[in-house]
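The sequence shown begins at 1 in UniProt numbering and counts up one residue at a time. Okay, structure first, notes after.
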Amino acid sequence: MDMVFDPSGAERKTIVMDSKMKRFHLQHGKNISIDESRTVATRSSSFADAIVFSSNPLLPNEQFVVQILQTERGWSGHLRIGLTQIDPSTISSLPQFAMPNLVQRGRTWICALSKLHSSLTNMVSSFTESTLPTEVGGYLGVRFVPCNDHTAEMKISVNGRDLRYCTAETLYDGPLSGEIPYQDGPIYAVFDVYGTTKAIGVVQISYFPSLQDLCRQAILRSIQSTAVSALPLPKTLKMYLLNDGGN
Numbered sequence: 001m002d003m004v005f006d007p008s009g010a011e012r013k014t015i016v017m018d019s020k021m022k023r024f025h026l027q028h029g030k031n032i033s034i035d036e037s038r039t040v041a042t043r044s045s046s047f048a049d050a051i052v053f054s055s056n057p058l059l060p061n062e063q064f065v066v067q068i069l070q071t072e073r074g075w076s077g078h079l080r081i082g083l084t085q086i087d088p089s090t091i092s093s094l095p096q097f098a099m100p101n102l103v104q105r106g107r108t109w110i111c112a113l114s115k116l117h118s119s120l121t122n123m124v125s126s127f128t129e130s131t132l133p134t135e136v137g138g139y140l141g142v143r144f145v146p147c148n149d150h151t152a153e154m155k156i157s158v159n160g161r162d163l164r165y166c167t168a169e170t171l172y173d174g175p176l177s178g179e180i181p182y183q184d185g186p187i188y189a190v191f192d193v194y195g196t197t198k199a200i201g202v203v204q205i206s207y208f209p210s211l212q213d214l215c216r217q218a219i220l221r222s223i224q225s226t227a228v229s230a231l232p233l234p235k236t237l238k239m240y241l242l243n244d245g246g247n
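Written out as structure tokens, the structure reads:
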């Protein structure tokens, strides 16, 4: 039994730890403290050296969601969120910032919320609760969605809704978020607890596959995804197999 962050209430509750629960990686910035359950990351000082990763690689279309638990005035900028194909356990020394430093190491795609802030402010009126994702209580998620046999795009969700895109203007001199070579290696979620963001908590999202999803998984276990395009199937079915059900 461990204490785990529960987004449904203000208090932390004791629940049974599941082996499939999402957690933060043991490798993190020097100014980050991770709680015992590895579901809460808090920046202890400064505004830098606060990079954290998902403990495990993500599956296609698997979302890693965090909630803003604490903010700190006196700094500029907000949480940075993205994906990386760099295995956190192989990094001997983490850089100060996810952008530009981690991005410059390659195979990393980061979206800066500060550059999206004006758009998010305009969007907030459509949310169920009028909470900006940069404020305490805001939810942010990241995942990758295959576009074809070779590349995937990064999707950012804000308070449960997908942003329509994460363009090159919101990335820091990195590769386009629609050109992620997802077949080249495992992909981890990465967060920089930067600026006004002081603490984030992992939000556990249960996924129950539909019969269609189970059939898709069975097919892809028997053949490589690169062979799907050659199958004698309708185009829409091929797209379903390659794009995780079109979600």
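All C-beta atoms, glycine included, are put in the ideal place defined by N, C-alpha and C.
query	result
Spatial neighbours of glutamate 72 in its chain, beta-carbon cut-off 7 Å, leaving aside the 5 residues before and after	Thr196, Lys198
Cross-strand partners of glycine 82 (DSSP beta bridge)	Ile110, Val190
Proximity of valine 136 and leucine 69 at Cβ, strictly below 8 Å	yes
Run of the beta strand (DSSP E) containing leucine 69, from where it starts to where it stops	64-71
Lysine 155: first and last residue of the uninterrupted beta strand (DSSP E) it sits in	152-158
Entirely enclosed beta strand (DSSP E) segments - the region 24-62, minimum 3 residues	32-34, 40-43, 51-53
Exposed unless 16 or more other CB atoms sit within 10 angstroms - verdict on threonine 226	exposed
Segment contact flag, the region 17-35 with the region 147-158, C-beta cutoff 8 Å, min 3 pairs	no
Arginine 161 in three-state terms, based on DSSP	strand
Per-residue DSSP class, three states only, for leucine 102	helix
Beta-carbon spacing of isoleucine 205, leucine 83 below 8 Å	no
Whole-angstrom C-beta distance between valine 52 and isoleucine 81, which should lie under 8 Å	Not quite, the Cβ-Cβ distance comes to about 11 Å (not below 8 Å), so this is no contact.
Candidates Arg105, Val202, Pro100, Ile223, of which the one nearest aspartate 149 by Cα	Ile223
Residue range of the beta strand (DSSP E) that includes tyrosine 182	Neither: tyrosine 182 is in no beta strand (DSSP E) and is coded neither H nor E.
Spatial distance of aspartate 173 from glutamine 104 (CA atoms)	In this prediction, aspartate 173 has a pLDDT of 45, which is less than 50 and means its spatial position is unreliable; nothing more can be read from the coordinates.
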